[in-house]
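Chains E and W are the protein sequences, given in the same order. Residue numbering for the first sequence follows this note's numbering, beginning at 837 and increasing consecutively. Residue numbering for the second sequence follows this note's numbering, beginning at 837 and increasing consecutively. Note that CB positions come from ideal geometry on N, CA and C, so glycine has one too. The structure presented is a predicted model; accordingly, all values stated were derived computationally and were not measured. These notes are about the structure you will find just below.
2 protein chains.
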Amino acid sequence: MIQEHLLYLFGAEKLFFLKGEQIFNEEQQAVSYYQITKGEVKMNNFNDDGKEFIQGIFLKGQSFGEPPLFSEVKYPANAEALTDCEVLRLSKERFLALLKVHPEEHLKITAALAKRLYYKAIMASELSSQEPEHRILRVLDYLKDHVHNLKEPFSFELDLTRQQIADLTGLRVETVIRATKSLEKKGELKIKNRKLYR
Amino acid sequence: MIQEHLLYLFGAEKLFFLKGEQIFNEEQQAVSYYQITKGEVKMNNFNDDGKEFIQGIFLKGQSFGEPPLFSEVKYPANAEALTDCEVLRLSKERFLALLKVHPEEHLKITAALAKRLYYKAIMASELSSQEPEHRILRVLDYLKDHVHNLKEPFSFELDLTRQQIADLTGLRVETVIRATKSLEKKGELKIKNRKLYR
DNA sequence: AAAAGTTTATGACCAAAGTCATAATTTAAA
DNA sequence: TTTAAATTATGACTTTGGTCATAAACTTTT
């Protein structure tokens, strides 16, 4: 998102995380800006009875966990490496200093937040619909369009397990399995040896 | 949010809406910044079968509908006057010009977006929990803490109908009626001649 | 190659929220 | 002040997604 050379100029450090490692957790005060240079990261919460909810999945080039940098609050969720990955980290103070000196980067950040808010809003209303099939399709379309930027039908090969889809939609694995099969029958999805295409 | 005199300086106009009037709808391209000087506004969507979902409620001093001003998209929801109200409107171009000239106002906007994103994220995970009572409490607490800034127990007198609570939580009226009664029994809510207190 | 672990799959049952019908109560309008 | 409309309330019934148990098909590890 922010140009890498600028991040380095302001003192960013490069960090490495192995698949499954936690980058930060929701208990912590937010003190750094993070931007991915390699790999994938997910942000998630666990509710009272241990069920996971995936807030979002972030790819190379994207930043995550910025919102709390603009106020004195904790992270809204945990961040965990979905694959081995490489991340640039910049302290909150330096991040804000960078934005001050580079208004065009500030505008990019604002635009990124706005975009995310936009889709969170759309998702909120879509997910309030109870029908599992509807919820699944909307989440998949969101990932397809706005995370991977794919347009062609069935061009999106999901590398998500049914469990992960469940965690993204707030449903149960069994429900996701049944719903995806039903969606395949309706021609909304394709399943080729267990892999999902949308 | 943005200082009023600045808005006027950049050519904002004052508009009046009657209770129930629509300020913009989700079909429209976003072309203006809006800030409330009197009254309340809600943003909502209607899903395929006509069920309403309330995205948020905004009070005097707050702005709404800004996210799409940072990209070329439509509004994520409709905006409707909840009470008679007075609103300042500034065109997108002038709004962006204002931010350019006044970085401190830009930062305020970014912070506001960040804050909203933060709570949308928390809400998303809370609302993925299926239990109606939990969903209702979380929405009410959100309104109490972050819209009305109230802290004392039962200091928040809801001026929402059961139907509106249903629309905020994605539940049905009957479910809300039953759940609120159950919550009262548990001491989580108070009901004084049909009015809810939290 | 075998064993252990994941992920996908399927059926039976249950609980809980939705649906529908109807009515009481409150509020707004004529 | 009546009438009409909206809101709250309650019961009966239905649907649907969750739960639990079990198994098959893949993957990964040993």
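Outcome for residue i when other beta-carbon atoms lying within 10 angstroms are tallied against a minimum of 16
i: E/Glu876; result: buried
i: W/Leu843; result: buried
i: E/His841; result: exposed
i: W/Asn1029; result: exposed
i: W/Gln858; result: exposed
i: W/Asn985; result: exposed
i: E/Asp1003; result: buried
i: E/Pro989; result: exposed
i: W/Pro939; result: exposed
i: E/Glu993; result: exposed
i: E/Ser907; result: exposed
i: E/Thr1005; result: buried
i: E/Gly897; result: exposed
i: W/Lys980; result: buried
i: E/Gly1023; result: exposed
i: W/Glu929; result: exposed
i: E/Gly886; result: exposed
i: W/Glu967; result: exposed
Beta carbon proximity, residue i to chain E, threshold 8 Å
i: W/Ala913; result: yes
i: W/Glu902; result: yes
i: W/Phe1080; result: Since the first residue of chain W shown is 837 and the last is 1034, residue 1080 of chain W is not available in this structure.
i: W/Gly1006; result: yes
Residue i versus residue j - alpha carbon distance
i: E/Lys987; j: W/Thr873; result: 42 Å
i: E/Val983; j: E/Ala950; result: 15 Å
i: W/Arg974; j: E/Leu845; result: 42 Å
i: E/Asn883; j: W/Ser1018; result: 22 Å
i: E/Ile945; j: E/Lys956; result: 16 Å
i: E/Phe889; j: W/Glu863; result: 31 Å
i: W/Glu916; j: E/Ile1027; result: 43 Å
i: E/Glu962; j: E/Leu1025; result: 18 Å
i: W/Asp995; j: W/Lys1031; result: 8 Å
i: W/Val937; j: E/Ala848; result: 28 Å
i: W/Arg1008; j: W/Leu905; result: 33 Å
i: W/Tyr1033; j: W/Ser991; result: 7 Å
i: E/Gly892; j: E/Lys878; result: 6 Å
i: E/Leu932; j: E/Leu924; result: 15 Å
i: W/Arg971; j: E/Leu854; result: 35 Å
i: E/Lys1021; j: E/Cys921; result: 37 Å
i: E/Ile958; j: E/Thr1011; result: 23 Å
i: E/Thr1016; j: W/Leu851; result: 48 Å
i: E/Arg952; j: E/Gly901; result: 12 Å
i: W/Pro912; j: W/Asn880; result: 9 Å
i: W/Phe894; j: E/Tyr978; result: 27 Å
8 Å Cβ cutoff, residue i in contact with chain W
i: E/Ile838; result: no
i: E/Ile958; result: yes
i: E/Val909; result: yes
Cβ shell of residue i (< 7 Å), same chain only, five flanking positions each side left out
i: E/Pro935; result: Just to set this straight, residue 935 of chain E is Leu in the shown sequence, not Pro. Closer than 7 Å at the Cβ level, and outside the excluded window around E/Leu935, lie Glu941, His942 and Ile945.
i: E/Ser965; result: Arg971
i: W/Glu969; result: Ala1015, Ser1018 and Leu1019
Residues of its chain near residue i, where Cβ-Cβ distance is below 8 Å and the 5 sequence neighbours each way are ignored
i: W/Gly856; result: Glu916 and Ala917
i: E/Ser899; result: Met837, Ile838, Tyr869, Tyr870, Gln871, Ile872, Ile945 and Ala948
i: E/Ile1013; result: Arg998
i: E/Gln1000; result: Ile890
i: W/Thr919; result: Lys855, Gly875 and Glu876
i: E/Lys910; result: Glu862, Glu863, Gln864, Gln865, Ala866 and Pro904
Residues of its chain near residue i, where Cβ-Cβ distance is below 6 Å and the 5 sequence neighbours each way are ignored
i: W/Asn861; result: Asn914
i: W/Ser927; result: Ser868
i: W/Leu976; result: Arg1034
Task: Members of the stretch 933–956 of chain E near chain W, C-beta cut-off 9 Å - done: Leu935, Lys936, Pro939, His942, Leu943, Ile945, Thr946, Ala947, Ala948, Leu949, Ala950, Lys951, Arg952, Leu953, Tyr954, Tyr955 and Lys956
TODO: Mind checking the stretch 852–865 of chain E against chain W and listing, in chain order, the residues whose C-beta falls within less than 8 Å of any C-beta there?
DONE: If the cut-off is 8 Å between Cβ atoms, the stretch 852–865 of chain E has nothing near chain W.
Task: Short-range partners of chain W found in the stretch 877–895 of chain E, where Cβ spacing is below 7 Å - done: Asn881, Asn883, Phe889 and Gln891
Task: Residues, ordered as in the chain, of the stretch 955–986 of chain W that lie near chain E by beta-carbon distance below 9 Å - done: Tyr955, Lys956, Ala957, Ile958, Met959, Ala960, Ser961, Glu962, Leu963, Ser964, Ser965, Gln966 and His970
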